[in-house]
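Novice:
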Amino acid sequence: MTNFSVIENKISSVRKYLTILERYRTYSQKEIADDIDRRGAVERYLYLAVQATIDLAEAIIAFKNLRKPSTMSESFYILNEAEILPMDLTEQLVKMTGFRNVIAHDYEKLNYDIVYDVLQNRLVNIEGFLKAIKDIL
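Going left to right, the sequence shown walks through residues 222 to 358 as the working numbering numbers them.
(1) Is it a yes or a no for the region 262-269 touching the region 227-242, going by three-plus beta-carbon pairs under 8 Å?
(2) Tell me which residues share the same chain as ILE354 and place their Cβ nearer than 7 Å to its Cβ, disregarding the 5 neighbours each side in the sequence.
(3) Can you tell me which of SER296, GLU329 and ALA303 puts its alpha carbon nearest to the alpha carbon of THR317?
(4) For LEU358, does the count of other Cβ atoms within 10 angstroms reach 16, so buried, or fall short, so exposed?
(5) Would the beta-carbon of ALA273 fall within 8 Å of that of SER226?
(6) Identify the continuous alpha helix (DSSP H) that holds TYR266 and give its terminal residues.
(7) Apart from the five residues on each side of it in sequence, which residues of its chain come closer than 6 Å, Cβ to Cβ, to ASP327?
(8) Indicate the three-state DSSP secondary structure (helix, strand or coil) for TYR245 in the structure shown.
(9) Using only alpha-carbon positions, find the residue among PHE284, ILE324 and TYR298 that is nearest to GLN313.
(10) Which of the three DSSP states is assigned to ASP334 in this structure?
(11) My output table needs one value for GLU304: the three-state DSSP class, helix, strand or coil.
(12) Might you give, ordered along the chain, the residues of its own chain that have their beta carbon closer than 7 Å to the beta carbon of ARG246, omitting 5 neighbours on each side?
(13) Can you check whether the CB of PHE350 is closer than 8 Å to the CB of LEU310?
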């Protein structure tokens with residue numbers, strides 16, 4: 222698979238996860254937090270959406286022959302250095318990477334106020350990322 226087809230596949234995955242998450246935005250925080258199936262689905266699809274965004278950033282770095290990141294968060298800084306992402310979006314995506322790490326590793330300490338905030342207000346950062354990279358492909 223070429224680097225470009227990897228990028229196309231990652232874009233498709235990100236869009237798919239955002240579409241799925243959109244269905245859960247109609248629920249209140251209590252409706253999600255109190256329903257273990259909804260809660261699990263939201264957490265899993267948020268994780269997948271952010272992970273696919275990180276994977277997409279890494280694929281773009283490879284496609285553009287940019288320096289290799291040493292951390293997942295660094296991928297967004299590298300794209301900022303290459304003038305692909307503005308700094309404000311870079312910082313938001315780095316925060317989302319940290320959120321992904323909490324879901325993956327500290328899930329028992331997960332603050333549901335933050336989960337709900339990400340669902341309702343932070344997915345726009347992933348959409349902004351998709352718009353930013355559209356111009357360079």
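We put the beta carbon where it would ideally sit given N, CA and C, even for glycine. Fair warning: this is a prediction, and the values are worked out from it, not measured in the lab.
Specialist: Reading it off the structure:
(1) Touching, yes, given that three or more Cβ pairs across the two stretches are closer than 8 Å.
(2) The residue labelled residue 354 in the question sits at position 133 within the sequence shown. Here the set comprises ILE281 and ILE305.
(3) The residue labelled residue 317 in the question sits at position 96 within the sequence shown. A quick correction: the sequence has Met, not Thr, at residue 317. MET317 has its Cα closest to that of SER296, out of SER296, GLU329 and ALA303.
(4) Counted from its first residue, the sequence shown places residue 358 at position 137. Using a 10 angstroms sphere on the CB of LEU358, the tally of other CB atoms stays under 16, which defines it as exposed.
(5) Working through the sequence shown from its first residue, we reach residue 273 at position 52. Working through the sequence shown from its first residue, we reach residue 226 at position 5. The answer is no: Cβ separation not under 8 Å.
(6) Here residue 266 refers to the residue found at position 45 of the sequence shown. In the DSSP annotation of this structure, the continuous segment of the alpha helix (DSSP H) that includes TYR266 starts and ends at 257-284.
(7) Here residue 327 corresponds to residue number 106 of the sequence shown, with the count starting at 1. So the list is empty, once near-sequence residues are dropped.
(8) Numbered from its first residue, the sequence shown carries residue 245 at position 24. Three-state DSSP puts TYR245 in a helix.
(9) Locating residue 313 in the sequence shown gives position 92, where the first residue counts as 1. The shortest Cα separation from GLN313 among PHE284, ILE324 and TYR298 belongs to TYR298.
(10) For the purposes of this step, residue 334 is identified with residue 113 of the sequence shown, where counting begins at 1. Helix.
(11) To locate residue 304, count along the sequence shown from 1; it is residue 83. Assignment of GLU304 by DSSP, reduced to helix, strand and coil, places it in the coil class.
(12) One-based indexing of the sequence shown puts residue 246 at position 25. Here the set comprises LEU340 and GLN341.
(13) Here residue 310 refers to the residue found at position 89 when the sequence shown is read from its first residue. Here residue 350 refers to the residue found at position 129 when the sequence shown is read from its first residue. Yes. Within cutoff.
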